[in-house]
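Peer 1: Be aware that the sequence shown starts at 1, since it is given in UniProt numbering, and climbs by one per residue. Just so you know, even glycine gets a beta-carbon here, dropped at the ideal spot from N, CA and C.
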Amino acid sequence: MTDNPSAAHLKESQGTAAEAGTKATERFAASGKKSKLDVPKERVSLLAGALIKAANDIVEEHEVTYEEYNALKAWLIKVGTDGEWPLFLDVWLEHTVEDVNSKERPGTVGTIEGPYYVSNAPELQTPATLEMREDEEGTPLLFHGDFTDTDGNPIKDAQVEIWHADAAGFYSQYAPDMPEWLFRGTVKADENGHFEIHTMQPAPYQIPTDGACGQLIAAAGWHAWRPAHIHIKVSAPGYQMVTQQLYFPGDPHNEDDIASAVKPELMLDVQERADGSGNEVQYDYVLAKEGESR
Ligand code: DHB
Ligand code: FE
């Protein structure tokens, strides 16, 4: 990747990428999400049955050999030992789960959460500056906007949870030697629903290439890139949360995101700041009330 200024740095750090998978697995296990396993028997039977049938149909249709079957077995085992189930599922399945579950929600569009969210990031009042290192690399970005309900009324007590990679494509808490809360924060909007966040533009992100998912990507001749993106969760009491990502025009991977998570509504309209201090972008949020649907 010659068009990515951080390619050299990525290469240098690839040896550590497998740690990210293990951490994502540990965090998922520790999160509340794992305890919600009370799926009714009928649904388990329906869904597991459909999945098993789909797999059997593939074997039949494509006349899968024993060699291929054993390669699959070895690979599935490796996904687990590499801790890459969160990675695999969030890259190749979450986008459809998100589509299906957000169809009826009016307002701002969502997309996948991905594996690297951390709850309870430090609270900051608007105008906020996310934690960064001295001489942090990258292009400064002022991200600002307003919250309204679906009737256009300002929303009080709204917040923006934001997390993104640094200019080399790494996430704090998932890559070594990064400050714990680097580029992570919970920004409280003001009483008019306005927020301003100072940060640095993230780089395109390559999913770890040294684990089972990377092995699959290489074996299939695919690429491992996601376009540069900012992760967001917006919420306010009495409103439905939106989990989304925002993207930058011109990124070569906006059209072929490996995680299929780009939507036109999520493209930022980035402007250069008049004073030459970097870029600026406005993105407004429309939240649906709890229970409100299309
Ligand atoms: C992955 C990473 C991301 O930053 C993301 O948004 C989605 C998926 C991943 O590595 O699987
Ligand atoms: Fe991401």
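#1: Buried or exposed for Asp-256, please, with buried defined as at least 16 other CB atoms from any protein chain shown within 10 angstroms of its CB.
#2: So, do the stretch 137-155 and the stretch 83-103 have three or more beta carbon pairs nearer to each other than 8 Å?
#3: I'd like the list of long-range same chain contacts for Asn-279, defined as Cβ closer than 8 Å, with 5 residues on each side in sequence excluded.
#4: Please classify Ala-128 as buried or exposed, where buried requires at least 16 other C-beta atoms within 10 Å of its C-beta.
#5: Cβ of Asp-144 versus every heavy atom of the ligand FE: is any distance shorter than 7 Å?
#6: Count the C-beta pairs between the stretch 155-167 and the stretch 227-236 that are closer than 8 Å, then say yes if the count reaches three, no if not.
#7: Let me confirm a value: Arg-43 is counted as buried when at least 16 other C-beta atoms fall within 10 Å, else exposed. Which label applies?
#8: Considering only their Cβ atoms, is the gap separating Thr-111 from Leu-266 smaller than 8 Å?
#9: State yes or no: is the C-beta of Tyr-285 nearer than 7 Å to some heavy atom of the ligand DHB?
#10: Label residue 303 either buried or exposed according to how many other C-beta atoms from any shown protein chain fall within 10 Å of its C-beta, with 16 as the threshold for buried.
#11: Please list, following the chain, all residues that have a C-beta closer than 6 Å to any non-hydrogen atom of the ligand FE.
#12: Can you look up Asp-90 in the DSSP assignment and give me helix, strand or coil?
#13: Per DSSP, what kind of secondary structure is Ala-288 in: helix, strand or coil?
#14: Between which two residues does the beta strand (DSSP E) holding Asp-146 run?
#15: Give me, in chain order, the residues of the same chain whose beta-carbon lies closer than 7 Å to that of Trp-85; leave out the 5 immediate sequence neighbours on both sides.
#16: In chain order, what residues of the same chain lie with their CB nearer than 6 Å to the CB of Ser-260, ignoring the 5 residues before and after it?
#17: When the Cα of Pro-264 is compared with those of Phe-248, Ala-54, Val-118, Gly-276, which residue comes out closest?
#18: Is Val-91 near the ligand DHB, judged by its Cβ being under 7 Å from some heavy atom?
#19: Can you have a look at Thr-199 and say buried or exposed, based on whether 16 or more other CB atoms are within 10 angstroms of its CB?
#20: Taking Asp-82 as the reference, give the member of Phe-195, Ala-175, Tyr-117, Cys-213 with the closest Cα.
#21: Compare the Cα-Cα distances from Leu-216 to each of Trp-92, Val-281, His-164 and report the closest residue.
Peer 2: Once the coordinates are examined:
#1: exposed
#2: A contact between stretches requires three or more CB pairs, one per stretch, nearer than 8 Å, and the stretch 137-155 fails this requirement with the stretch 83-103.
#3: Thr-139, Pro-140, Leu-141, Leu-142, Gln-201, Val-270, Gln-271, Glu-272, Arg-273
#4: The residue is buried, with at least 16 neighbouring Cβ atoms inside 10 Å.
#5: Residue identity check: residue 144 is His in the sequence provided, not Asp. The answer is no for His-144.
#6: yes
#7: exposed
#8: yes
#9: no
#10: The requested residue 303 is not part of the displayed model; the chain covers only 1 to 294.
#11: Cβ atoms closer than 6 Å to the ligand FE belong to Gly-114, Tyr-116, Tyr-205, His-229, His-231.
#12: helix
#13: coil
#14: Note, Asp-146: beta strand (DSSP E), 140-149.
#15: Sequence-distant Cβ neighbours of Trp-85 in its own chain, meaning closer than 7 Å and more than five residues away, are Thr-25, Val-79.
#16: His-95
#17: Phe-248
#18: yes
#19: buried
#20: Cys-213
#21: The option with the nearest alpha carbon to Leu-216 is Trp-92.
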